[in-house]
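First the structure, in the form of structure tokens, and then the observations on it.
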Amino acid sequence: MVTEAEILDVLRTIPDPELPIGIVDLGIVHNIDVADRGSPNPGVPGVRMPEQTGVPVECDVSIEILPTFVGCPALRVIEEQVASKVGQLAGVGSVRIGIVYDPPWSVERISPAGRQALAELGVTVPLPSGERLVSLGVQRRDAATPAACPFCGSTQTELESAFGPTRCKMIYYCSACGNPFEHLRRLT
Amino acid sequence: MTTIPESLKAPLTELLLSTADDKFLLGHRNADWTGLGPILEEDIAFSSIAQDEIAHAEVLYQFIHTQLGGAKPDDLAYGREPREYRCAALVELGDEFDWSRAIVRQFFCDHFDAVRLGRLAASSWPTLAVLAGRLLAEERAHVQHADTWIVRLGRGTPESHDRMQRAIDALWPDTGSLFEAVWGEGLLEPSGVYPRGDERMSVTWHRSIAERAGEAGLTVPASVPKQKQPGGRAGQHTPQFEELLAELCEVYRVEPKAAW
Chain A
872 MVTEAEILDV LRTIPDPELP IGIVDLGIVH NIDVADRGSP NPGVPGVRMP EQTGVPVECD
932 VSIEILPTFV GCPALRVIEE QVASKVGQLA GVGSVRIGIV YDPPWSVERI SPAGRQALAE
992 LGVTVPLPSG ERLVSLGVQR RDAATPAACP FCGSTQTELE SAFGPTRCKM IYYCSACGNP
1052 FEHLRRLT
Chain B
203 MTTIPESLKA PLTELLLSTA DDKFLLGHRN ADWTGLGPIL EEDIAFSSIA QDEIAHAEVL
263 YQFIHTQLGG AKPDDLAYGR EPREYRCAAL VELGDEFDWS RAIVRQFFCD HFDAVRLGRL
323 AASSWPTLAV LAGRLLAEER AHVQHADTWI VRLGRGTPES HDRMQRAIDA LWPDTGSLFE
383 AVWGEGLLEP SGVYPRGDER MSVTWHRSIA ERAGEAGLTV PASVPKQKQP GGRAGQHTPQ
443 FEELLAELCE VYRVEPKAAW
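See below:
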């Protein structure tokens, strides 16, 4: 029977439609549950017959996704991708996707690899709570300190607009190198 | 409480419809500004807020459908008769592409929404409280956005100040429409599904509006006008509402059964 780890491997290949990282690195995959069917049951509507796949249906999968923002327009694309890719795993019958708001998604859920990939494309992420940005010998909290510029590293940056090209991003401007960049919004 | 009693489903549907309809219509009004915002960043911001409002309406319609046994989200959004909508007069008013009117309307509505979502986020029904809490977190960014404009334009040039004051004076008589009671609201309060705050919503709202206006050098009347006749919450809408709704529902009504 398919394992949670195998499902997670498949989910790792699915990119977020609006950010240059995968949905697992973004931290929106909350829970994966595999329910064993016991015996093949080809009578359930929507389930592929064994002769179509060559593998008997063994289990149903349910996956919980945490939206970054309520009603994010990218969610539907993500749901389709997850249902389609996980549904292709051998032995998987149905794939049920639940959209849940508890726990709330936050920037803390982005993996270090995800942060790195975002930074390489000029998108910065607020530091995890409790971590401090060290600059010019002064320790300042993230909330009070604008993001460090992803291009030149300067903290001489200012908020240009609290609303950016997608609902989860804000626009900052770097006074040192003159570049605008995007910063993920933290919801508190 | 882990589930909602059957007897409270109808009143809660009314309340959430009024919340969703306010957001849906306001989002539609805001979307008029896409491409026409005063500066590029604001064009993006206001369009983004429009998208937020419509997304919030959508998840609330979805909630009514899945949790309270209401119609499908698209049918709720586009398939009702005008008298079945529960939005307040304030979100129905046009702004004639006058930015001062658009931003003052937004300022009034965002602050109201934050107060209302605060009550819903304190609900004794966790399923509702969790969703409302998420909506509230996003709504706070809208409040901050509106406040920034109020202060910037209120303290800007004499012309910007006068135009903001005129917009406040023009829209103030309709602010009472936000506070009109929703049918069955009283039934939701004792169970804590829609808990009462320490003071009336209009008092909380008026205080934050007056504070921000004061900071901007603008003045607001001392109290919120009372809604005398049945208004939007009872399905009685402004004369322009039908036309606005027809525009909003035009595509849906061509083929209501179409799948999107």
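Heads up: the sequence lines are chains A and B, in that order.
Note that the numbering used here has the first sequence beginning at 872, numbered continuously upward.
Note that the numbering used here has the second sequence beginning at 203, numbered continuously upward.
Here a beta-carbon is modelled for each residue, glycine too, at the ideal position from N, C-alpha and C.
Same chain only: Cβ atoms within 6 Å of Gln429 of chain B, ignoring 5 sequence neighbours per side: Walking along the second sequence from the start, residue 429 of chain B turns up at place 227. Cβ within range, chain order: Gly378, Ser379, Glu382.
Work out the CA separation of Pro207 of chain B and Ile1042 of chain A for me, nearest whole Å. The sequence position of residue 1042 of chain A within the first sequence is 171, counting from 1. The sequence position of residue 207 of chain B within the second sequence is 5, counting from 1. About 45 Å.
Cutting at 8 Å between CB atoms, please list the residues of its own chain near Gly893 of chain A, excluding the five before and the five after it. As a first step, residue 893 of chain A is located in the first sequence; it is residue number 22 there, counting from the start. So the qualifying residues of the chain are Leu882, Arg883, Thr884, Ile885, Pro886, Asp887, Gly985.
Could you give the residue range of the beta strand (DSSP E) that holds Asn1050 of chain A? Residue mapping note: residue 1050 of chain A aligns to position 179 of the first sequence, counting from 1. No beta strand (DSSP E) contains Asn1050 of chain A, which DSSP labels as neither H nor E.
Taking the CB atoms as reference points, tell me whether Phe248 of chain B and Leu218 of chain B lie closer together than 8 Å. On the second sequence, residue 248 of chain B is found 46 positions in, with the first residue counted as 1. On the second sequence, residue 218 of chain B is found 16 positions in, with the first residue counted as 1. No, the pair does not count as a contact, with Cβ atoms beyond the cut-off.
Using only CA atoms, which one of B:Glu452, B:Trp385, B:Ala412 lies nearest to Pro432 of chain B? As a first step, residue 432 of chain B is located in the second sequence; it is residue number 230 there, counting from the start. Selected option, being the one with the closest Cα: B:Trp385.
Do Ala1047 of chain A and Ser1032 of chain A count as a contact pair if the criterion is CB distance below 8 Å? To locate residue 1032 of chain A, count along the first sequence from 1; it is residue 161. To locate residue 1047 of chain A, count along the first sequence from 1; it is residue 176. Cβ distance not < 8 Å, so Ser1032 of chain A and Ala1047 of chain A don't count as in contact.
Taking Cβ-Cβ distances shorter than 7 Å, what residues in chain B pair up with Leu1058 of chain A? Residue 1058 of chain A sits at position 187 when you count from the first residue of the first sequence. Those within 7 Å of Leu1058 of chain A in chain B are Ala339, Glu340.
For Gly1074 of chain A, collect the residues of the same chain with a Cβ closer than 6 Å to its Cβ; drop the 5 residues on either side in sequence, then sort them by chain order. Missing from the structure shown is residue 1074 of chain A; chain A here goes from 872 to 1059 and no further.
The alpha helix (DSSP H) enclosing His363 of chain B, as first and last residue numbers: Counted from its first residue, the second sequence places residue 363 of chain B at position 161. His363 of chain B -> alpha helix (DSSP H) spans 360-373.
Taking C-beta pairs closer than 7 Å, name the residues in chain E that Ala1018 of chain A reaches, listed in chain order. Within the model displayed, chain E is absent; protein chains A and B are what it includes.
Of all the residues that make up the segment 943-954 of chain A, which are near chain B by a beta-carbon distance shorter than 8 Å? Cys943, Pro944
Simplified DSSP state of Glu935 of chain A, which is helix, strand or coil: In the first sequence, the residue the question calls residue 935 of chain A occupies position 64. The answer is strand: DSSP assigns Glu935 of chain A an E or B state.
In chain A, which residues lie with their C-beta within 8 Å of the C-beta of Leu333 of chain B? Locating residue 333 of chain B in the second sequence gives position 131, where the first residue counts as 1. Within chain A, the residues near Leu333 of chain B are Val941, Tyr972.
Between the segment 438-448 of chain B and the segment 288-302 of chain B, are three or more C-beta pairs nearer than 8 Å? Because the criterion of three Cβ pairs below 8 Å is met, the segment 438-448 of chain B and the segment 288-302 of chain B touch.
Considering only the alpha carbon of each residue, which of B:Pro423, B:Ile251, B:Glu387 lies closest to Ala372 of chain B? Locating residue 372 of chain B in the second sequence gives position 170, counting from the first residue. Taking only the C-alpha atoms, the option nearest Ala372 of chain B is B:Pro423.
Using a Cβ-Cβ cut-off of 7 Å (strictly less than) and excluding sequence neighbours within five positions of Gly958 of chain A, which residues of its own chain qualify? For the purposes of this step, residue 958 of chain A is taken as the residue at position 87 of the first sequence. In chain order, Val966 place their CB closer than 7 Å to the CB of Gly958 of chain A, counting only its own chain and leaving out the 5 sequence neighbours on each side.
Which term fits Thr421 of chain B, buried or exposed, when burial requires 16 or more other beta carbons within 10 angstroms of its beta carbon? To locate residue 421 of chain B, count along the second sequence from 1; it is residue 219. Exposed, since its Cβ has fewer than 16 Cβ neighbours within 10 Å.
Could you tell me the distance, in whole angstroms, from the CA atom of Gln1010 of chain A to the CA atom of Pro1051 of chain A? Looking up residue 1010 of chain A in the first sequence gives position 139. Looking up residue 1051 of chain A in the first sequence gives position 180. Annotation note: pLDDT 32 at Gln1010 of chain A (below 50); position unreliable, no value reported.
Given this structure, state the Cα-to-Cα distance separating His230 of chain B from Gln253 of chain B, to the nearest angstrom. Mapped onto the second sequence, residue 230 of chain B falls at position 28. Mapped onto the second sequence, residue 253 of chain B falls at position 51. Near 9 Å, if we compare the C-alpha coordinates of Gln253 of chain B and His230 of chain B.
Within chain A, the residues that Ala247 of chain B reaches when beta carbons sit closer than 8 Å: Here residue 247 of chain B refers to the residue found at position 45 of the second sequence. Ordered by position in chain A, the residues that pass the 8 Å Cβ test against Ala247 of chain B are Ser1032, Ala1033, Phe1034.
How many whole angstroms separate the CB atoms of Gly419 of chain B and Arg365 of chain B, which I take to be in contact at a CB cut-off of 8 Å? Position 217 of the second sequence, counted from the start, is the residue given in the question as residue 419 of chain B. Position 163 of the second sequence, counted from the start, is the residue given in the question as residue 365 of chain B. Contact between Gly419 of chain B and Arg365 of chain B does not hold, since the beta-carbon distance rounds to 13 Å and is not under 8 Å.
Hey, out of A:Val900, A:Glu1029, A:Ala876, A:Ala1018, whose CA is closest to Ser977 of chain A's CA? Along the first sequence, one-based indexing puts residue 977 of chain A at 106. Cα-wise, what sits closest to Ser977 of chain A is A:Val900.
Give the range of the beta strand (DSSP E) segment to which Val966 of chain A is assigned. Position 95 of the first sequence, counted from the first residue, corresponds to residue 966 of chain A. Per DSSP, Val966 of chain A belongs to the beta strand (DSSP E) from 963-970.
Please list the partners that Gln308 of chain B has in chain A, where partner means a Cβ-to-Cβ separation under 7 Å. In the second sequence, counting from the first residue as 1, residue 308 of chain B sits at position 106. Correct list: empty, because the minimum Cβ distance to chain A is about 13 Å.
I want to verify the contact list: residues of chain B whose CB lies under 9 Å from the CB of Arg1038 of chain A, in sequence order. For the purposes of this step, residue 1038 of chain A is identified with residue 167 of the first sequence, where counting begins at 1. What Arg1038 of chain A touches in chain B: Ser250, Gln253, Asp254, Ala257, Glu340.
From Val213 of chain B to Trp407 of chain B, what distance separates their C-alpha atoms? Locating residue 213 of chain B in the second sequence gives position 11, counting from the first residue. Locating residue 407 of chain B in the second sequence gives position 205, counting from the first residue. At residue 213 of chain B the sequence reads Pro, which differs from the Val that was named. Their backbone Cα atoms lie some 23 Å apart in a straight line.
Looking at the structure shown, is Pro423 of chain B part of a helix, part of a strand, or coil, going by DSSP? What you label residue 423 of chain B is simply residue 221 of the second sequence in a count that begins at 1. The answer is coil: DSSP assigns Pro423 of chain B none of H, G, I, E or B.
Simplified DSSP assignment, three categories, for Ile894 of chain A: Within the first sequence, numbered from 1, the residue matching residue 894 of chain A stands at position 23. Ile894 of chain A: helix per DSSP, three-state reduction.
Show which residues of chain A have a CB atom less than 7 Å away from the CB atom of Arg336 of chain B. Position 134 of the second sequence, counted from the start, is the residue given in the question as residue 336 of chain B. Under the 7 Å cutoff, chain A gives Val941, Tyr972, Pro975.
Is the Cβ-Cβ distance between Asp300 of chain B and Ala348 of chain B less than 8 Å? Here the question's residue 300 of chain B lines up with position 98 in the second sequence. Here the question's residue 348 of chain B lines up with position 146 in the second sequence. Against a cut-off of 8 Å, the Cβ pair of Ala348 of chain B and Asp300 of chain B comes out as no contact.
Leu946 of chain A and Pro997 of chain A: beta carbons closer than 8 Å? Here the question's residue 946 of chain A lines up with position 75 in the first sequence. Here the question's residue 997 of chain A lines up with position 126 in the first sequence. It is not a contact, given that the beta carbons lie outside the stated cut-off.
Beta strand (DSSP E) segment containing Ala1019 of chain A, residue limits: Taking the first residue of the first sequence as position 1, residue 1019 of chain A is located at position 148. Looking at the DSSP string, Ala1019 of chain A is not in any beta strand (DSSP E), and its letter there is neither H nor E.
From this set, B:Thr221, B:Leu227, B:Leu210, which residue's C-alpha is nearest Glu449 of chain B's C-alpha? Stepping through the second sequence from its first residue, residue 449 of chain B is reached at position 247. For the residues B:Thr221, B:Leu227, B:Leu210, the minimum Cα distance to Glu449 of chain B belongs to B:Leu227.
Spell out whether any CB of chain A is found under 8 Å from the CB atom of Ala461 of chain B. In the second sequence, residue 461 of chain B corresponds to position 259, counting from 1. It does not: the Cβ of Ala461 of chain B has no partner Cβ on chain A nearer than 8 Å.
When you compare each of A:Thr1037, A:Cys1039, A:Leu1058, A:Thr995 to Thr1028 of chain A by their alpha carbons, which one comes out closest? For this step, residue 1028 of chain A is matched to residue 157 along the first sequence. Closest in C-alpha terms to Thr1028 of chain A, from the list A:Thr1037, A:Cys1039, A:Leu1058, A:Thr995, comes A:Thr995.
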